[in-house]
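Asker: There's a structure below that I have some questions on.
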Amino acid sequence: MTSAILSALSVLTKPIGETTVHGTQHTEQEALMAALQANQALLEERLQGENGLYEVRSLREEVRAGVPWICTDTEDVTWSFVQECLLLLLSLARNLTLQLELFNQALSPAMSRLRTPEMAPPLPPDVLSVAQQKTLGAALQFVISLGLCPYLSLGVGVPLGRRSAFGKLVEGLVCHDVAPVPERRLLTTTAVLLELCVLSSLATMVYTRHLGDVMAALCQLGYRPHRPEKGTTKEEKEISKEERKNCREALQKLLGKVYQPIVIKELLILQGGPKQAPPGPGTSGGNRSPLSQAPPWLRRLCGQLLSERLMQPNGVQSVVRAILEGGAGGESDWRKCDGVARILAACPQQSLSSDSYYSQVCPQILELLHFRDKLTAQQFQRVATRAALTMVQDCPMFALQYLLTPLFSSLHRCGRMTGEGQTQVTVEEWELTRCAEDVFKICVVGNSPSAPLLKALGEVIPVLFDLYCFTKKNASHLRAPCQEILLWYFGKSELPVALSTLQQLCAMDGGAGGVASGFHFTPGSDGGAQLNPSETISDEDDALYEKVSGEQWRVECLAQLLAEMKDSDLPGDFFLELLQALTCWAAEEEEEEQEVDTSAMTLLQLEQHLLGKVTGRGQKLALLQVLAVMCEGLPHTLLLRKPTQVVEFIVAMLQRACVGLDQVRAAASPVETQTLSMGMGLVATLLSGPSPLSAEDYSSMSRLLPPLEEISQRHPEVVIQELASDLRAAIATHGAYQPDNVTRATQYQSPKTDNNVPTKKNFKTQTSPSQVSQTRLYSPTLHNNPSTHTTQTPNTRAPIQTCIPNLRTQSSAGDSLAQKTNLSQRVSSGAGQGPAGVSAPDGGQSGERGGSSEPSSGTPSRAFSDCLLRACDPEVPTRAVALRTLTRAIQNGDREALQNQEKVLTLFLENLEHEDTFVYLSAIQGLAVLADFFPERILLRLQEEYQNGPSSQKERSLETRLKVGEVLMRASRAMGDLAPHHGRPLIGVFLRGTRDEDRSVRASCLSNLGELCQRLNYALGSWAQELSTCLTALIKTEKEAEVRRAAVHVISLLLRGLSDKATEVLSDVLLDLYRALKWVVRSDTDDVTVLHAQLALEDLDDVMRRFIFPAQKLEKKIVVLP
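One rule links them: number in our numbering = place in the sequence shown (from 1) + 9.
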């Protein structure tokens, strides 16, 4: 019967042939009217004449008898046609309802048990075919076009004329002056459509194509103000209150069960366009015309309904989807995102209160940040970011309460966590990950700083910095967002706030901040972090070590963070702030040294006094620690980017020198004198540079006048007083008066300070952090040789050096004279002959390479001899630079250096015993280069040193042997193809070393053995048995875990170096090595050794797989027959 009803609908809606229509009619409206009448007559004829449509006729008459809206005497052809369509549609709906009931009754439990899993489920009777859906869609389109849209008021919904040409044609066919009245017609059509929507299959057809029209009709019927027209009675025109109420309820039900983004989109269309001038004569209508202006009552109604949709659960997401769905991410979509963000950020007028609105909307805005789909995430994050930032700017109070507080809640919990005895995770990994990502998206990606946002973010910066420090210790995906958030905060904050926060992170202000006491971050399972309670440390020394190491790591992380601010002045300003604090504390030292009478104090006052002193000393230590790390880890180009910062730096130096004038011991200290000299040397360099200074530069340098005046009057050294007075005069006259003393101050170099390279030892024992900073920032630039080091090009400033001709005391040089003479006597006698082509001690080359230099007869050149003497200098920088100069000379093939190889070798071996890393690493590098040039002689000498060691005390002997082992390892790496020739003697040396009584030597020999063996290839075959026996014995009998690790690592290096050749070279011992590795995995107690063994087994597995299953190559073999 369903097919018969749809067949009747097809008869009613099919078009008449063009020949029949145009043969008798003149206009399109007349042709359409004739087609509607003809289709009605044809349907009536078939219903009366065909037996197959008997059931349809009976059901149709039954439906006609049950509805009250049938008007048989209407003169409007279109409404008569609509009535026939509505009757057939209701007949179809009732038939499908009856069949569905029978179908559901037939699906009894007994029938369900008879069905097998392979059987397809039975098809419900309300499922229509494609052709049937097309027929039904045509009927619905006629009903909407002829029975609903023509009766909508002006501005309600989209007019038919703007939809299609057929819509314009239909607008002139409808007669509004005949019965029934338009309101009744609209109510009838809407009621029938809603009745159809009871069935899901028919509701899909109606809502997907005509939802907006149904919503417009319900809005007009239920909410339009009543205005009776002339010539109509109240009964004819007005719809009853009950009917209006039913329409309102139907609209609410409809809005509640339809997909919300579609509802919101239709409400936005119903709300109409903005007020605008009517289109001019040149503009065209059609589909591109803007929406017409809706009446005021409809605009208010749509605004209220939209607000209700927005404040529902997931309402924000529905609004965003309604506007952005279907976009491709272009420029128009970004503009839509900004528009939606502005809508969400503004509280609607229909809302009961702003508080209730933001309390419901803000959590939904934060949820928009958590989508994973790429395109959806980009659009939703854009909307959420812009909405959040707009709220923060426009409504800071509500944004702080409902947006920023939940946003930073996880970080706040980390800082305020309390509770002793907790053992479970207090802040989960997903919470911290989501918090960091959300803050990154809103702050960094949004990039719209405001005072409320920066203030709220500043409260959690200590916790965020602790999380950043934790991620620097591990491989974590949170490191990048944390770093970007910190950089953004310091880049956007005001300078005083940023400096105060940096001091707080360094624990210089005495504040706690950061993660709550008793808790710490631990790695999460997904690469993030989680907050756990800390384990209680009973040992006080261990607790102190953990605290000190943690503070040191925080400072190092802060320095690394400052190093990323390459385009910011904040690192320099913070550095100068620290120097100012150092100067102030130096002035307070004298007052603190005065004894305080504690006899009259109470116990509480005494305790507060002592705690204050301890706190002050702790802050000073923190200051010195930060200064030391910044000077060591940050380049001067970052610390002093602007001329004003350079001047501030000099002011801090001079003020600190002025404070030292009050202390007699400090004024006479060589360190203080050198610091003062360096500061005045900087001033002299600025004044005598090739580029003239501007008036602004002199204005900033005017701050130097008071400290220079004080120095010129109170310093005990006359030379310094005169220079300070001359510098003050030059600054005061803006360079008009510039004595020669100022120019000489930029050219003088102390003979004992050739290179101000700070070492780790000197840094810790000789200078303060401020002095180290001065040394690093303005170390003199040395040139080709000592006689020409003061020359400079016109475009570069002269090197900044001191101007006091004997700042170091003679006693310090005399004390180290014996040490220098002792070492220099070994290399100064019997110097060979050679050209003066060796590199100068300062790093440049004063000669030429190869045969361009002529050999000299007699003693070595003065430059080479001077370089040998400098290599014996007690000053660490001078000695290290000389050693590196000799190394470069050998690398460049300098004749004089090569002819005096014995002296150079002795010099390098002697400097191996030096305790400074800068010196003995330079000696190691030089020995490795010598071994590369003269492998037979040098390697033999190094083997003797490695086996026996020097005849000094045992501890020094062990250190030296390990350093010689480092040289042999570097030489082994540099052998290349000559490793089988020169490396065979070394194997015996390393094998004998594995029996040494010291575990460090045994581990060193094994490490060198692995480096050498992986380069021997097939030459290793004769040593395979000895290697296997040695390694197997060490693995199974060695007590020290460090040595066992090294033995297993040798096997791993062998397998990696030999690769596919391992099955040939190690064929006799491969099984023994495999069994040894398996024994380690099963029996060894050291986790690291087991890990090395597992990695070696994986390498062995790869080798054997390639051996057993070789890769198949697509190649052809051509054989030439004899």
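Beta carbons are placed, not taken as given, at the ideal position from N, Cα and C, and that holds for glycine. Since the model is a prediction, treat every value here as computed from it, not as a measurement.
Tell me, to the nearest whole angstrom, how far the beta carbon of Phe-583 is from that of Leu-508; I am working on the premise that it is less than 8 Å.
Answerer: In the sequence shown, the residue the question calls residue 583 occupies position 574. In the sequence shown, the residue the question calls residue 508 occupies position 499. Their Cβ separation, rounded to whole angstroms, is 6 Å, which keeps Phe-583 and Leu-508 in contact under 8 Å.
Asker: Classify Asn-48 as buried or exposed, calling it buried when 16 or more other Cβ atoms lie within 10 Å of its own Cβ.
Answerer: As a first step, residue 48 is located in the sequence shown; it is residue number 39 there, counting from the start. Buried is the call here.
Asker: At what residue ranges does the segment 24 to 92 contain a whole run of the alpha helix (DSSP H), taking only runs of 4 or more?
Answerer: Complete alpha helix (DSSP H) runs here, min 4: 27 to 33, 37 to 58, 63 to 75.
Asker: For Leu-98 and Ala-148, which I take to be in contact (beta-carbon distance under 8 Å), what is that distance rounded to the nearest angstrom?
Answerer: Counted from its first residue, the sequence shown places residue 98 at position 89. Counted from its first residue, the sequence shown places residue 148 at position 139. That belief holds up - the Cβ atoms of Leu-98 and Ala-148 are roughly 6 Å apart, short of 8 Å.
Asker: Evaluate the contact criterion for the segment 165 to 179 versus the segment 214 to 232: three or more CB pairs, one atom per stretch, below 8 Å.
Answerer: Flag = yes, the segment 165 to 179 and the segment 214 to 232 touch.
Asker: Expressed to the nearest angstrom, what Euclidean distance is found between the alpha-carbon atoms of Leu-951 and Asp-941?
Answerer: In the sequence shown, residue 951 corresponds to position 942, counting from 1. In the sequence shown, residue 941 corresponds to position 932, counting from 1. So the two alpha carbons sit approximately 12 Å from each other.
Asker: Quick test of your reading: His-1058 and Gly-1002, contact by CB under 8 Å. State the CB separation rounded to the nearest angstrom.
Answerer: By 1-based counting over the sequence shown, the position of residue 1058 is 1049. By 1-based counting over the sequence shown, the position of residue 1002 is 993. Contact flag wrong, Cβ pair sits at about 16 Å.
Asker: Is it buried or exposed, Leu-918, if we count other Cβ atoms within 10 angstroms and call 16 or more buried?
Answerer: Reading the sequence shown from its first residue, position 909 is the one you call residue 918. Buried: at least 16 other Cβ atoms inside 10 Å.
Asker: Comparing alpha-carbon positions, which option in Pro-532, Met-42, Ser-365 lies nearest Glu-84?
Answerer: Looking up residue 84 in the sequence shown gives position 75. The residue with the shortest Cα to Cα distance from Glu-84 is Met-42.
Asker: Among the candidates Leu-178, Cys-1039, Cys-158, whose CA atom is the shortest distance from the CA of Glu-192?
Answerer: For the purposes of this step, residue 192 is identified with residue 183 of the sequence shown, where counting begins at 1. Nearest C-alpha to Glu-192: Cys-158.
Asker: What does a CB cutoff of less than 8 Å around Ile-740 pick up in its chain, not counting 5 residues either side in sequence?
Answerer: Here residue 740 refers to the residue found at position 731 of the sequence shown. Cβ neighbours of Ile-740 beyond the five flanking positions: Val-692, Leu-696, Tyr-707, Met-710, Ser-711, Leu-713, Leu-714, Leu-717.
Asker: Give me the Cα-Cα distance between Asp-851 and Pro-886, rounded to the nearest whole angstrom.
Answerer: In the sequence shown, residue 851 corresponds to position 842, counting from 1. In the sequence shown, residue 886 corresponds to position 877, counting from 1. Here the model assigns Asp-851 a pLDDT of 37, short of 50, so the residue's position is not dependable, and the following value carries that caveat. Whole-angstrom Cα-Cα distance: 10 Å.
Asker: In chain order, what residues of the same chain have a beta carbon less than 6 Å from the beta carbon of Arg-422, not counting five sequence neighbours either side?
Answerer: Stepping through the sequence shown from its first residue, residue 422 is reached at position 413. Excluding residues within five positions, the ones whose Cβ falls inside 6 Å are Val-436.
Asker: Figure out for me which residue from Ala-932, Lys-912, Gln-150 has the closest Cα to the Cα of Ala-889.
Answerer: Position 880 of the sequence shown, counting from 1, holds the residue named residue 889. Minimum Cα distance to Ala-889 is reached at Ala-932.
Asker: Assuming Asn-483 is part of the beta strand (DSSP E), what are its boundary residues?
Answerer: As a position in the sequence shown, residue 483 is number 474, starting the count at 1. It is not in any beta strand (DSSP E) - Asn-483 carries neither H nor E in the DSSP assignment.
Asker: Can you name the residues that DSSP bridges to Phe-528?
Answerer: Along the sequence shown, read from residue 1 onward, the residue named residue 528 stands at position 519. Its beta-bridge partners are Pro-542.
Asker: Does the segment 169 to 186 come into contact with the segment 195 to 206, if we say contact requires no fewer than three beta-carbon pairs (one atom in each stretch) closer than 8 Å?
Answerer: Touching, no.
Asker: For the alpha helix (DSSP H) containing His-1058, list its first residue and its last residue.
Answerer: If you number the sequence shown from 1, residue 1058 lands on position 1049. Start and end: 1050 to 1067.
Asker: Drop a sphere of 10 angstroms on the beta-carbon of Leu-1080, count the other beta-carbons inside from all chains shown, and report buried for 16 or more, exposed for fewer.
Answerer: Start at 1 with the first residue of the sequence shown, and residue 1080 comes out as number 1071. The residue is exposed, with fewer than 16 neighbouring Cβ atoms inside 10 Å.
Asker: On the three-state DSSP scale, how would you describe Pro-436?
Answerer: Here residue 436 is taken as the residue at index 427 of the sequence shown, counted from 1. The residue asked about is misnamed: residue 436 is Val in this sequence, not Pro. Strand at Val-436.
Asker: If you measure between the beta carbons of Leu-476 and Tyr-498, is that distance less than 8 Å?
Answerer: Here residue 476 corresponds to residue number 467 of the sequence shown, with the count starting at 1. Here residue 498 corresponds to residue number 489 of the sequence shown, with the count starting at 1. It is not a contact, given that the beta carbons lie outside the stated cut-off.
Asker: Using CA atoms only, rank isn't needed, just tell me which of Leu-62, Gly-58, Val-20 is closest to Ala-13.
Answerer: By one-based count along the sequence shown, residue 13 stands at place 4. For the residues Leu-62, Gly-58, Val-20, the minimum Cα distance to Ala-13 belongs to Leu-62.
Asker: Quick check: the Cα distance between Cys-206 and Asp-535, rounded to an integer number of angstroms?
Answerer: Translated into the one-based positions of the sequence shown, residue 206 becomes position 197. Translated into the one-based positions of the sequence shown, residue 535 becomes position 526. Cα to Cα, Cys-206 sits roughly 49 Å from Asp-535.
Asker: Which residues bound the alpha helix (DSSP H) around Phe-1116?
Answerer: As a working note, residue 1116 is residue 1107 in the sequence shown. That run of the alpha helix (DSSP H) goes 1096 to 1117.
Asker: Taking Phe-1017 as part of the alpha helix (DSSP H), name the residues at either end of that continuous run.
Answerer: Within the sequence shown, residue 1017 is the residue found at index 1008, counting from 1. Sequence check: residue 1017 is Asn here, not Phe. Here the alpha helix (DSSP H) through Asn-1017 covers 1008 to 1022.
Asker: Which value, in whole angstroms, describes the spacing of the CA atoms of Gly-176 and Ile-451?
Answerer: Against the sequence shown, residue 176 aligns to sequence position 167. Against the sequence shown, residue 451 aligns to sequence position 442. Gly-176 and Ile-451: Cα-Cα distance of roughly 48 Å.
Asker: Let me confirm a value: Leu-504 is counted as buried when at least 16 other C-beta atoms fall within 10 Å, else exposed. Which label applies?
Answerer: As a position in the sequence shown, residue 504 is number 495, starting the count at 1. Answer is exposed; the Cβ neighbour count stays below 16.
Asker: Mapping the DSSP letters down to three states, classify Gln-359 as helix, strand or coil.
Answerer: On the sequence shown, position 350 is the one that residue 359 refers to. Note: Gln-359 maps to coil in three-state DSSP.
Asker: Which same chain residues end up closer than 6 Å to Thr-241 when comparing Cβ atoms and leaving out the 5 residues on each side of it in sequence?
Answerer: Locating residue 241 in the sequence shown gives position 232, counting from the first residue. Because the pLDDT of Thr-241 is 47, which lies under 50, any placement of that residue in the model is unreliable, and the number read from its coordinates should be weighed accordingly. For Thr-241, where only same-chain residues beyond five positions count, there are no Cβ hits under 6 Å.
Asker: The alpha helix (DSSP H) spanning Phe-417 covers which residue range?
Answerer: Counting from one through the sequence shown, the residue named residue 417 turns up at place 408. Unbroken run through Phe-417: none, as it is neither H nor E.
Asker: Let me know the secondary structure DSSP gives Gly-688 once reduced to three states.
Answerer: In the sequence shown, residue 688 corresponds to position 679, counting from 1. Gly-688: helix per DSSP, three-state reduction.
Asker: By DSSP's criteria, Gly-281 is part of a beta bridge. Which residues make up the other side?
Answerer: Taking the sequence shown and counting its residues from 1, one reaches residue 281 at position 272. Gly-281 pairs with Gln-302.
Asker: From what residue to what residue does the alpha helix (DSSP H) around Val-913 run?
Answerer: Here residue 913 is taken as the residue at index 904 of the sequence shown, counted from 1. That run of the alpha helix (DSSP H) goes 910 to 920.
Asker: Just mark His-185 as buried or exposed, buried being the case when its beta carbon has 16 or more other beta carbons within 10 Å.
Answerer: By 1-based counting over the sequence shown, the position of residue 185 is 176. Exposed, since its Cβ has fewer than 16 Cβ neighbours within 10 Å.
Asker: Looking only at C-alpha atoms, which of Val-751, Ala-745, Cys-667 sits nearest to Arg-723?
Answerer: Position 714 of the sequence shown, counting from 1, holds the residue named residue 723. If we check each option's Cα against that of Arg-723, Cys-667 comes out closest.
Asker: With C-beta atoms as the reference, is Ser-316 less than 8 Å away from Ser-360?
Answerer: Looking up residue 316 in the sequence shown gives position 307. Looking up residue 360 in the sequence shown gives position 351. A contact, by the Cβ cut-off of 8 Å.
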